[in-house]
Ligand SMILES: [Zn+2]
């Protein structure tokens with residue numbers, strides 16, 4: 008898949024995501040870092056005219072702004088999970104050679120999806136069926152509506168209030184990179200391939216002009 012096809016696939020995925028009412032913003036091509044300017048490089052215009060705004064309030068569902076940004080470069084897609092009212096549960100596969108912690112190894116558990124199923128079973132629950140997206144690294148993102156009245160933030164693995172090994176959660180104040188967005192399996196696979204390619208070094212190169220023009224739609228890029 009060439010750069011142009013990748014860019015189109017990412018644009019379409021960004022529009023699909025925004026079409027669900029979930030605000031998006033550009034991430035640097037091939038990365039999970041916001042492609043938006045920071046406080047230091049703030050132009051004090053657009054969204055920032057009344058003072059610098061972080062990426063969360065600058066995320067948008069406006070198709071025109073999204074087209075304007077993704078017209079220029081194959082940006083990855085950042086999803087503002089907090090403003091979208093979502094909690095995304097990120098189920099990973101282990102890194103090559105990583106050994107499961109003893110309590111999971113005993114149960115022959117080797118991936119985040121298995122850990123979540125085991126936690127649910129221990130709580131006498133089942134993992135509810137929900138919007139699920141395959142990630143380029145062999146994991147899965149499960150999208151849930153955030154519970155009312157609780158502002159959940161992120162968790163990582165089994166640290167602190169985390170759910171468990173190979174399970175991260177994304178809610179307020181963190182970037183979730185959209186892996187893929189489509190109901191059609193064939194398209195999911197095509198887009199997964201696009202995302203894989205978008206992460207390769209050759210597609211990480213965007214001309215500074217293209218990056219600036221794209222970022223202008225979202226209030227200016229990082230300098
Ligand atoms: Zn600003």
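Numbering (our numbering), first residue to last: 8 to 230.
Where a beta carbon is used, it is the ideal one built from N, C-alpha and C, also for glycine.
- Counting only residues whose CB is nearer than 5 Å to a non-hydrogen atom of ligand 1, the list in chain order is 49, 55, 59.
- Rounded to the nearest angstrom, the gap between the Cα atoms of residue 169 and residue 56 is 38 Å.
- For residue 28 against residue 68, the beta-carbon gap comes to about 6 Å, under 8 Å, which counts as contact.
- In the structure shown, residue 122 adopts helical secondary structure according to DSSP, grouped into three states.
- The beta carbons of residue 95 and residue 148 sit closer together than 8 Å.
- Leaving aside the five residues that flank residue 88 on each side, the residues in its chain whose CB is nearer than 6 Å to its CB run, in chain order, 95, 177, 178, 183.
- Taking 8 Å as the cut-off, the Cβ atoms of residue 119 and residue 98 count as close.
- Per DSSP, the beta-bridge partners of residue 148 are 97, 140.
- Assigned with DSSP and collapsed to three states, residue 73 falls in helix.
- In the structure shown, residue 64 falls within a helical segment according to DSSP collapsed to helix, strand and coil.
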